[in-house]
RNA sequence: GCCGCGUUCGUCUAGUGGCCUAGGACACGGCCCUCUCAAGGCUGAGAUCAUCGGUUCGACUCCGAUACGCGGUACCA
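Residue numbers (this note's numbering): 43 to 556.
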């Protein structure tokens with residue numbers, strides 16, 4: 043078998059897109075599975091829309107996902123690596139010009155002087171007549187005199203590639219099987235060079251894939267219908283025709299091709315929301331492919347071991363964020379503590395930047411919390427779960443302070459007693475196992491429900507109704523600050539109950555007891 | 001319009017002629033665990049395998065038609 047060479051060829055006209063990432067991943071997995079070469083090429087010929095910032099975003103996103111490539115820009119410190127460069131199309135313009143020149147010389151291509159307006163009018167006419175829209179070949183056989191006349195008019199020609207009429211172009215797509223398309227359905231002779239001389243996509247892709255000796259073209263299904271054009275171009279250039287594999291599309295919830303308008307498509311956004319690459323890669327790989335077994339938590343290496351292009355699905359798949367989040371939680375739970383701490387840092391930092399927390403915890407502080415926090419993180423950004431530990435002044439909603447089964451007065455009494463009980467245990471020891479029993483005892487003595495007391499205390503010291511286990515939270519908070527917050531909550535409740543204090547027997551009773 | 005591709009639980013999927021009264025996972029419901037939230041365990045509901053016809057002793061699996069959906073049809077990629 044000839045050397046397997048595959049490529050991903052994004053164009054830097056936007057941030058790294060989910061669909062591009064998935065296509066890149068499948069190319070990567072295939073290359074790694076068979077020991078082939080994975081190439082990264084930048085299709086930056088659309089100078090109007092391409093930016094360096096997007097290029098950087100794409101490179102960074104690819105690195106983040108762990109999709110390392112063997113040839114292309116952005117490997118190590120080198121501007122680029124590989125024997126088939128350059129890997130930026132704007133640095134290959136001479137090659138496209140030369141290829142077009144050869145096609146012109148062999149009369150496989152010709153100059154076309156039709157203006158965009160004329161083409162547009164013709165297209166409209168065809169549509170109105172319910173005919174297939176295609177170039178009518180007006181300039182296909184111009185005489186030298188006719189060409190001179192157009193030139194004299196100041197028209198700048200495009201270069202069109204001759205699409206042979208009446209031919210059936212067939213290929214065996216690795217994922218979709220045998221596909222046949224009639225050359226007459228291709229829209230007529232194809233523009234390969236704009237009137238300003240710059241090359242168009244279908245041309246550059248064929249020239250580059252040929253020059254870079256690409257053996258397998260693995261790309262999105264949206265290119266399936268265009269494949270015959272590429273095959274014809276390969277033939278015309280005398281280049282071997284690669285194998286094709288067209289991947290199913292990633293879809294919006296309404297089953298249209300995934301778009302920025304209807305979905306979150308930028309890989310960087312998912313990263314910013316606290317998804318980790320292990321989970322992201324795992325999820326993307328299983329979108330449109332499966333191992334055929336019931337395994338589903340798989341590392342990129344395990345995926346590469348099992349990957350098989352022939353078993354890729356043919357139907358498009360809706361992107362399901364729920365499943366991604368679940369997978370993310372699975373992967374976060376598997377992380378080593380020190381690794382997780384490192385990954386949490388940027389998210390803690392951004393909480394600090396947003397003034398959501400007043401200080402950054404030390405590694406040891408986070409490490410101590412991990413046993414009760416790690417399994418509660420669907421994303422890295424969910425560390426906000428414990429933000430209350432790192433704020434000076436806690437804001438508590440008084441409404442949350444009173445458990446459903448209790449009134450304010452009852453809560454006030456209970457919290458006061460609990461505060462004293464906690465204060466007392468804390469004087470000798472500040473361990474979760476030490477704080478819990480006396481409070482349980484208190485609950486039993488008073489005939490309360492443990493959940494009610496604990497909830498009141500929880501809200502008092504965290505401001506939240508959902509937190510890691512209460513006593514672990516207290517330990518992390520510290521003796522002093524726990525009491526401070528309890529006192530503050532008692533104060534809030536006193537203010538709340540004041541007006542009715544004289545007429546509330548319950549409140550009076552509890553006060554006496556306290 | 002024309003051409004191409006697709007169609008199994010809400011979603012991702014298993015299934016390549018009998019193992020399927022269709023399996024797993026996410027999401028959803030219940031129970032257990034439990035101080036809340038998670039995590040975990042058990043469990044429930046959820047798919048006339050798009051429809052119709054054919055081939056076959058037998059079809060989710062093969063063939064055809066239809067419907068619906070999507071993609072392509074640019075001097076975008």
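Using N, Cα and C, we set each Cβ at its ideal position, and we do this for glycine too.
This structure is a prediction, so every number in the text was calculated from the model and none was measured.
Taking the alpha carbon of residue i as the point to measure from, which residue in the options has its own alpha carbon closest?
i, options, result
"residue 432", "489, 139, 503, 481", "503"
"residue 445", "389, 331, 496", "496"
"residue 261", "490, 190, 457, 67", "67"
"residue 218", "193, 330, 113", "330"
"residue 183", "169, 204, 163", "204"
"residue 234", "299, 244, 227, 225", "244"
"residue 490", "511, 475, 452", "452"
"residue 398", "416, 480, 371, 436", "436"
"residue 83", "345, 54, 193", "54"
"residue 150", "351, 202, 114", "202"
"residue 154", "200, 117, 109, 192", "200"
"residue 158", "197, 405, 146", "197"
"residue 454", "505, 383, 532", "532"
"residue 288", "220, 315, 322", "220"
Could you tell me the alpha carbon to alpha carbon distance between residue i and residue j, rounded to whole angstroms?
i, j, result
"residue 325", "residue 500", "36 angstroms"
"residue 555", "residue 441", "Low confidence applies here, because residue 555 scores a pLDDT of 36, under 50, leaving its location unreliable and the question unanswered by this model."
"residue 363", "residue 134", "39 angstroms"
"residue 127", "residue 508", "56 angstroms"
"residue 48", "residue 430", "50 angstroms"
"residue 165", "residue 174", "9 angstroms"
"residue 514", "residue 427", "14 angstroms"
"residue 366", "residue 419", "13 angstroms"
"residue 528", "residue 112", "60 angstroms"
"residue 478", "residue 65", "53 angstroms"
"residue 536", "residue 494", "18 angstroms"
"residue 89", "residue 512", "58 angstroms"
"residue 377", "residue 388", "16 angstroms"
"residue 119", "residue 236", "35 angstroms"
"residue 516", "residue 341", "37 angstroms"
"residue 214", "residue 179", "30 angstroms"
"residue 162", "residue 301", "27 angstroms"
"residue 550", "residue 415", "With a pLDDT of only 41 at residue 550, under the threshold of 50, the placement of this residue in the model should not be trusted; the figure read from the coordinates follows. In a straight line, the C-alpha of residue 550 is about 40 angstroms away from that of residue 415."
"residue 51", "residue 130", "10 angstroms"
"residue 75", "residue 105", "19 angstroms"
What residue does the alpha helix (DSSP H) around residue i start on, and which one ends it?
i, result
"residue 248", "243–253"
"residue 68", "60–76"
"residue 258", "That residue, residue 258, is in no alpha helix (DSSP H); its beta strand (DSSP E) goes 258–262."
"residue 129", "Per DSSP, residue 129 belongs to no alpha helix (DSSP H) and is neither H nor E."
"residue 343", "342–348"
"residue 463", "450–470"
"residue 517", "512–519"
For residue i, report the span of its beta strand (DSSP E) as first-last.
i, result
"residue 80", "79–82"
"residue 172", "Residue 172 -> no beta strand (DSSP E), and no H or E assigned at all."
"residue 233", "232–235"
"residue 153", "151–154"
"residue 493", "Counting along the chain, residue 493 falls outside any beta strand (DSSP E), though it belongs to the alpha helix (DSSP H) covering 492–504."
"residue 117", "Run containing residue 117: none; DSSP gives neither H nor E here."
"residue 265", "Neither: residue 265 is in no beta strand (DSSP E) and is coded neither H nor E."
"residue 406", "Element bounds for residue 406: not the beta strand (DSSP E) but the alpha helix (DSSP H), 405–415."
Any heavy atom of the ligand HEM within a distance shorter than 7 angstroms of the CB on residue i?
i, result
"residue 244", "Looking for the ligand HEM in the displayed structure turns up nothing, as the structure carries no ligands at all."
Do the CB positions of residue i and residue j come within less than 8 angstroms of each other?
i, j, result
"residue 320", "residue 290", "no"
"residue 87", "residue 240", "yes"
"residue 373", "residue 459", "no"
"residue 211", "residue 225", "yes"
"residue 44", "residue 257", "yes"
"residue 238", "residue 177", "no"
"residue 518", "residue 443", "no"
Check: Is the segment 79–94 touching the segment 300–315 in the sense that three or more CB pairs, one from each, lie closer than 8 angstroms?
Finding: no
Item checked: Given 8 angstroms, three or more beta-carbon pairs between the segment 96–116 and the segment 52–70 -> yes
Next item on the list: State whether the segment 400–416 contacts the segment 352–360, with contact taken as three or more CB pairs (one from each stretch) at a distance under 8 angstroms.
Entry: no
Notebook entry, point to check: Would you call the segment 186–199 and the segment 135–147 touching, i.e. three or more CB-CB distances under 8 angstroms?
Noted result: no
Next item on the list: Pair every Cβ in the segment 242–255 with every Cβ in the segment 274–289, then say whether three or more of these pairs are closer than 8 angstroms.
Entry: yes
Margin query: Between the segment 519–526 and the segment 463–472, can you find at least three pairs of beta-carbon atoms closer than 8 angstroms?
Written below: yes
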